[in-house]
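If you count the sequence shown from 1, position 233 lands on 267 in the numbering used here, and the numbers rise without skipping.
All C-beta atoms in this analysis are idealised placements derived from N, C-alpha and C, irrespective of residue type, glycine included.
Remarks on the structure that follows.
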Amino acid sequence: MKKILVADALNPEAFEELQAISDLDVTLKTGMDEQELVRTIPDYNAVVVRSATKVTKNAIDAATNLELIVRAGIGLDNIDLEAAKDKGIQVANTPSATTYTVSEMAFGLMLSAVRNLGQANLSMKEHKWEKKLLKGSELFEKTLGIIGSGRIGLDVAKKALAFGMKVIAFDVVDIQTDLDVEQVSLDDLLTRANIISLHLPLSDSTRHMISSDEFAKMKEGVIIVNASRGGVVDETALLNSLESGKVRAASIDVYEKEPPVDFSLIDHPKVMASPHIGAAASEGQKRAGFEVVRILKENMSGR
Ligand code: MLT
35 MKKILVADAL NPEAFEELQA ISDLDVTLKT GMDEQELVRT IPDYNAVVVR
85 SATKVTKNAI DAATNLELIV RAGIGLDNID LEAAKDKGIQ VANTPSATTY
135 TVSEMAFGLM LSAVRNLGQA NLSMKEHKWE KKLLKGSELF EKTLGIIGSG
185 RIGLDVAKKA LAFGMKVIAF DVVDIQTDLD VEQVSLDDLL TRANIISLHL
235 PLSDSTRHMI SSDEFAKMKE GVIIVNASRG GVVDETALLN SLESGKVRAA
285 SIDVYEKEPP VDFSLIDHPK VMASPHIGAA ASEGQKRAGF EVVRILKENM
335 SGR
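Pasting the structure below:
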């Protein structure tokens, strides 16, 4: 019987279905740090994680029976992919389960930024009535620059088109879509966009992809939305650009270090911040949970 370690909690209905698979021995053990995972992992044939558990090289080196790592979610930056590949361990994720979940979040962040909703909420809770101070702008007829045109990026594009926005996008591959999206170079996007929304995985090639040089090329008063990965944007460069006024506002769900230790960016009055909740909607988590069950059934169960 294959042994499955669920190291981060799954959607309860999906977890129940997983437990009901008679030839899988499923253990739920969450909140493990690296040392505990190193001690625990040798017993298991598959491990399921969301984003809290980091499947590091040390954990993978200790994994004597591991065949499969399943990420309930999209980003694989909490798994040492190189180490898994070297050991012939398969890695799977749920790439489409949370497309709408994250794209709706990005859109919410965008609307919050142009209409100052974060500041408005804080100011009302201080019993103030700051109508004049909180004047914003529309999305209609503005140019949205989407960096990264995977499922989420293109779903944001679709929503933006429905709002009457012009959509331009940058990707390193040819963008495959019937939508009215103009594929442009990164420089072109940076100079033309009123709002820039990031939809990139974090890797060695995307880390600090948006830094001082990129901010320098942007329009005055640009708005930044990031619901992808914190490390894609150089947070110091973003803070400097907010301070200089180059960036009018930033809505951020993701950080270079999570949970953050340095709050200087988050504390900036023009930043609206949320704690990496882009994929945290019940429908998306349910889809991701059942996709994990399907992957485990296909790969680990004889059924
Ligand atoms: C993902 O990559 O699926 C999302 O960012 C969700 C997460 O990491 O919590």
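Looking at C-alpha atoms only, which residue of the options is the closest neighbour of residue i?
| i | options | result |
| --- | --- | --- |
| S285 | V89, A140 and V60 | A140 |
| V83 | M35, V104, V148 and D67 | V104 |
| I186 | N333, G318, M334 and V81 | G318 |
| D111 | D222, V206, T98 and L236 | L236 |
| A86 | A106, A96, M35 and L220 | A106 |
| K304 | H242, G182 and M144 | M144 |
| E101 | K37, L234 and M243 | K37 |
| N99 | V89, P76 and L232 | P76 |
| S137 | I180, L44, L220 and S171 | I180 |
| T225 | M306, H233, K251 and T90 | K251 |
| L273 | P294, P309 and S298 | S298 |
| G255 | V281, L232 and M243 | V281 |
| V190 | A43, T133 and V267 | T133 |
Where does residue i fall in DSSP's three states?
| i | result |
| --- | --- |
| D247 | helix |
| N79 | coil |
| K37 | strand |
| K91 | helix |
| M199 | coil |
| V206 | coil |
Where does residue i land, buried or exposed, given buried means 16+ other C-beta within 10 angstroms?
| i | result |
| --- | --- |
| I311 | exposed |
| G279 | exposed |
| L223 | buried |
| V326 | buried |
| G323 | buried |
| T61 | exposed |
| T64 | exposed |
| M158 | exposed |
| E50 | exposed |
| M35 | exposed |
| E248 | buried |
| S183 | buried |
| E172 | exposed |
| N155 | exposed |
Where do the N-terminal and C-terminal ends of the alpha helix (DSSP H) with residue i fall, by residue?
| i | result |
| --- | --- |
| M334 | S316 to M334 |
| I159 | Reading the sequence as shown, one finds Lys at residue 159 and not Ile. Counting along the chain, the alpha helix (DSSP H) containing K159 begins and ends at L151 to K159. |
| R263 | First-last for R263: undefined, no H or E at that position. |
| S171 | First-last for S171: undefined, no H or E at that position. |
| L299 | Looking at the DSSP string, L299 is not in any alpha helix (DSSP H), and its letter there is neither H nor E. |
| L102 | Premise fails: L102 lies in the beta strand (DSSP E), L102 to R105, not in any alpha helix (DSSP H). |
From what residue to what residue does the beta strand (DSSP E) around residue i run?
| i | result |
| --- | --- |
| S338 | One cannot answer for residue 338 here, as it falls past the ends of the chain, which runs 35 to 337. |
| T61 | L58 to L62 |
Sufficient close CB pairs (3 or more, under 8 Å) joining the stretch 110-118 to the stretch 67-78: no
Given 8 Å, three or more beta-carbon pairs between the stretch 328-337 and the stretch 151-170: no
Contact between the stretch 195-210 and the stretch 164-180 (3+ Cβ pairs under 8 Å): yes
Contact between the stretch 287-295 and the stretch 259-279 (3+ Cβ pairs under 8 Å): yes
Validate contact between the stretch 119-132 and the stretch 150-160 using beta carbons, cut 8 Å, 3 pairs: no
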